[in-house]
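The block underneath contains the structure these notes are about, expressed in structure tokens.
There are 2 protein chains.
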Amino acid sequence: MIIELAKNYGFCFGVKRAIKKAEQIKDAATIGPLIHNNEEISRLQKKFNVKTLQNITDLTNEKKAIIRTHGITKQDLAELQKKNIEIFDATCPFVTKPQQLCEQMSKEGYEVVIFGDENHPEVKGVKSYVSTKAYVVLDKSELEDLKLPHKIAVVSQTTKKVEQFMELVNFLMLKVKEVRVFNTICDATFKNQAAITELSKKSDIIIIVGGKNSANTKQLFLIAKNYCEDSYLIETQDELEKSWFKDKKHCGISAGASTPDWIIKEVVDKIKAF
Amino acid sequence: MIIELAKNYGFCFGVKRAIKKAEQIKDAATIGPLIHNNEEISRLQKKFNVKTLQNITDLTNEKKAIIRTHGITKQDLAELQKKNIEIFDATCPFVTKPQQLCEQMSKEGYEVVIFGDENHPEVKGVKSYVSTKAYVVLDKSELEDLKLPHKIAVVSQTTKKVEQFMELVNFLMLKVKEVRVFNTICDATFKNQAAITELSKKSDIIIIVGGKNSANTKQLFLIAKNYCEDSYLIETQDELEKSWFKDKKHCGISAGASTPDWIIKEVVDKIKAF
């Protein structure tokens, strides 16, 4: 069986940057996981004493706080700034961008459509910068019965599929006189999605490695599944099952933007051993 | 044979308004045809002494000038204002809008993509209000090899197909960080296009009545042709041929936004007589 890695996969710029910061800062707390990968979070905790808190209220006597790659809300940032704690910002610059755009567009009087998952921390953070009205949607149908203003700004969660973002924009073009579109889908997302599309077309089994709470990982899995029925999403090599690979000829592998190389390597080694 | 008129067809708001103005003003000259329908232009000339000149330089001792529905360039307007002539503006408000948008977007530093035919008088007029850089295109492929700026504004010729406008916007979303979309396709265009789409699906012959120099008429013809092979574009009933209707069961009829009712009636009467 051929084992082939996607042309682009794994750690993106923002994740690499955040991990490097966390390793340098050490002995710090993050509010919510720094990145969406449990294994890597454990490693940072064990080796660099970077612990993960769920909320700002969980802070006790920590001296250093790191803001996660997905960013936090404007309100949480204000709370944090009131505390006697040193703040390090590891928000991915590609996430800071839509935050700033939402703030700017609000100032200019635009209501803002955010294409994304309202429960995702990145989207919660971005939305918090809208001071007019924000519409967080995953599908155009959610806007169908609403009365929208004459002009609207649109941003996207960084990890969404661009084709779906286009569908939303096309829908808005029919409803609203001015649609001010900011394509905030990040480049790594683009490239990883294009690479898994290509790879899954020629594979008879696909393994996606990444956090099950990771939006971009789930997106890769959905794309793979679309072209290759036998696609699996796993967090570590422990979840691999030998039976999956029976009679398979071409195994494609990709990984989410928060998946470290050492986990991918373990997965590849185990598949080879089967 | 059933003869069925499209649910929406013929004279639009802007054309009705221009003809009414011309009839009231009388004894005037237009620079280029007031609307794109030769028959109606002849009628206005004969009954109201409204004559059509090709260029501003053709003006001699006229006292009154009417600006055509498609508008004129900013430069031509300035020329006209220098002359000792009373100016009446019959530019369709839906055309004035993209002119204003181009001027405003230029002021804000945007380069402007105009989706339309560079040889069409409306587009020439709209383009003349761009003081940064204008890209007039009919297809995204014309932009493929260009280096575009980070932000761009987009308007459309009022009579284009919205699906093609969306394709262009989708393409720009991949190339440019900010795409500021103004959907300037006019409502009458939308409605007439939707109606001919519906009608041509159930007809075995379609007659489109309108000026062969009319962009919206040509668009209606192309849509009809897509669904009904036996579609014809005619300017007057003189062009109808009996043989077209042999064995046909359902004849659909529509007309461009510049086609007066009396011409449509003549066409229907002649078909009935066959």
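Those protein sequences? They're chains A and B, same order as listed. For the first sequence, this note's numbering gives the first residue as 120, with consecutive numbering after it. For the second sequence, this note's numbering gives the first residue as 120, with consecutive numbering after it. Beta carbons are placed, not taken as given, at the ideal position from N, Cα and C, and that holds for glycine.
When DSSP labels each residue in this structure, what does residue i get in the three-state scheme?
i                  : result
Phe-393 of chain A : coil
Phe-132 of chain A : helix
Asp-357 of chain A : helix
Lys-296 of chain B : coil
Val-245 of chain B : helix
Leu-199 of chain B : helix
Thr-215 of chain B : helix
Asp-146 of chain B : coil
Ser-350 of chain A : strand
Lys-165 of chain B : helix
Cys-370 of chain A : strand
Thr-303 of chain A : coil
Leu-265 of chain B : coil
Asp-208 of chain A : strand
Thr-308 of chain A : helix
Ile-315 of chain B : helix
Just to confirm my understanding: we take residue i, look at its own chain, exclude 5 residues before and 5 after, and list those with CB closer than 6 Å. What are they?
i                  : result
Glu-297 of chain B : Lys-270
Asp-195 of chain A : Ile-175
Gln-164 of chain A : Lys-170
Ala-376 of chain B : Cys-131, Val-134, Ala-307 and Asn-335
Val-386 of chain B : Val-328 and Gln-356
Leu-291 of chain B : Val-298
Lys-389 of chain A : Gln-356 and Leu-359
Asp-95 of chain B  : This structure cannot speak to residue 95 of chain B, because chain B is shown only from 120 to 393.
Glu-367 of chain B : The identity of residue 367 of chain B in the sequence shown is Lys, whereas the question assumes Glu. Closer than 6 Å at Cβ, skipping near neighbours: Met-120, Asp-323 and Ile-324.
So with CB distances below 8 Å, who are the chain A contacts of residue i?
i                  : result
Glu-317 of chain B : The contacting residues do not exist; Glu-317 of chain B stays about 17 Å from chain A at best.
Val-281 of chain B : Met-292 and Leu-293
Rank the options by C-alpha distance to the C-alpha of residue i and give the top, closest one.
i                  : options                                       : result
Cys-131 of chain B : B:Ser-333, B:Gln-173, B:Lys-202 and B:Lys-389 : B:Ser-333
Lys-126 of chain B : B:Thr-316, B:Thr-171 and B:Lys-166            : B:Thr-316
Asn-180 of chain B : B:His-155, B:Glu-159 and B:Ala-147            : B:Ala-147
Leu-287 of chain A : A:Asp-264, A:Val-232, A:Ile-327 and A:Thr-278 : A:Val-232
His-189 of chain B : B:Lys-165, B:Gly-244 and B:Leu-178            : B:Gly-244
Lys-361 of chain A : A:Leu-291, A:Ala-392, A:Glu-263 and A:Ala-307 : A:Ala-392
Lys-280 of chain B : B:Met-292, B:Lys-294 and B:Asn-311            : B:Asn-311
Asn-289 of chain A : A:His-239, A:Cys-221 and A:Phe-234            : A:Phe-234
Thr-192 of chain B : B:Lys-367, B:Ile-304, B:Thr-215 and B:Thr-278 : B:Thr-215
Ala-184 of chain A : A:Lys-140, A:Lys-389 and A:Leu-262            : A:Lys-140
Lys-320 of chain A : A:Phe-340, A:Gln-338 and A:Asn-345            : A:Asn-345
Lys-166 of chain B : B:Leu-359, B:Leu-172 and B:Ile-138            : B:Ile-138
Lys-294 of chain B : B:Leu-262, B:Ala-313, B:Phe-364 and B:Leu-257 : B:Leu-262
Asn-156 of chain B : B:Lys-365, B:Phe-213, B:Gly-371 and B:Ile-353 : B:Ile-353
Cys-211 of chain B : B:Leu-178, B:Leu-172, B:Asp-258 and B:Cys-305 : B:Cys-305
Cys-347 of chain B : B:Lys-365, B:Ala-253, B:Lys-337 and B:Cys-370 : B:Cys-370
Leu-220 of chain A : A:Ala-253, A:Lys-368 and A:Lys-202            : A:Ala-253
Phe-258 of chain B : B:Lys-246, B:Thr-278 and B:Met-285            : The sequence given here has Asp at residue 258 of chain B, not Phe. Residue B:Met-285 is the option with its Cα nearest to Asp-258 of chain B.
Leu-341 of chain A : A:Lys-202, A:Asn-203, A:Thr-278 and A:Lys-182 : A:Thr-278
How would you list, in chain order, the residues of chain B whose beta-carbon sits under 9 Å from the beta-carbon of residue i?
i                  : result
Val-298 of chain A : Val-288, Val-298, Arg-299, Val-300, Phe-301 and Asn-302
In chain order, what residues of the same chain lie with their CB nearer than 7 Å to the CB of residue i, ignoring the 5 residues before and after it?
i                  : result
Tyr-229 of chain A : Thr-251, Lys-270, Ile-271, Ala-272 and Arg-299
Asn-168 of chain B : Lys-145 and Asp-146
Glu-222 of chain B : Tyr-248
Compute the Euclidean distance between the alpha carbons of residue i and residue j, then round it to the nearest angstrom.
i                  : j                  : result
Gln-200 of chain A : Asp-323 of chain A : 51 Å
Lys-145 of chain A : Asp-380 of chain A : 21 Å
Val-224 of chain B : Val-249 of chain B : The sequence given here places Met at residue 224 of chain B; Val does not occur at that position. For Met-224 of chain B and Val-249 of chain B, the distance between alpha carbons rounds to 8 Å.
Thr-149 of chain A : Gln-276 of chain A : 21 Å
Met-120 of chain A : Gln-283 of chain A : 34 Å
Asp-208 of chain B : Phe-301 of chain A : 37 Å
Ile-326 of chain B : Thr-308 of chain B : 17 Å
Ser-373 of chain B : Ser-260 of chain B : 31 Å
Val-255 of chain A : Asp-264 of chain B : 35 Å
Tyr-128 of chain A : Leu-339 of chain A : 10 Å
Val-242 of chain A : Glu-159 of chain B : 57 Å
Glu-237 of chain B : Pro-152 of chain A : 54 Å
Glu-227 of chain A : Glu-198 of chain B : 37 Å
Val-274 of chain A : Thr-303 of chain A : 6 Å
Ile-154 of chain A : Ile-383 of chain A : 16 Å
Lys-331 of chain B : Tyr-351 of chain B : 11 Å
Ala-343 of chain B : Leu-267 of chain A : 32 Å
Gln-218 of chain A : Leu-318 of chain B : 47 Å
Glu-123 of chain A : Ala-314 of chain A : 11 Å
Glu-142 of chain B : Phe-213 of chain B : 21 Å
Glu-205 of chain B : Gln-173 of chain B : 18 Å
In chain B, which residues lie with their C-beta within 7 Å of the C-beta of residue i?
i                  : result
Met-285 of chain A : Asn-289 and Met-292
Got a sec? Which residues, its chain only, sit under 8 Å from residue i by beta carbon, not counting five neighbours each side?
i                  : result
Arg-162 of chain B : Pro-379
Pro-240 of chain A : Gly-151, Arg-187, His-189, Gly-190 and Ile-191
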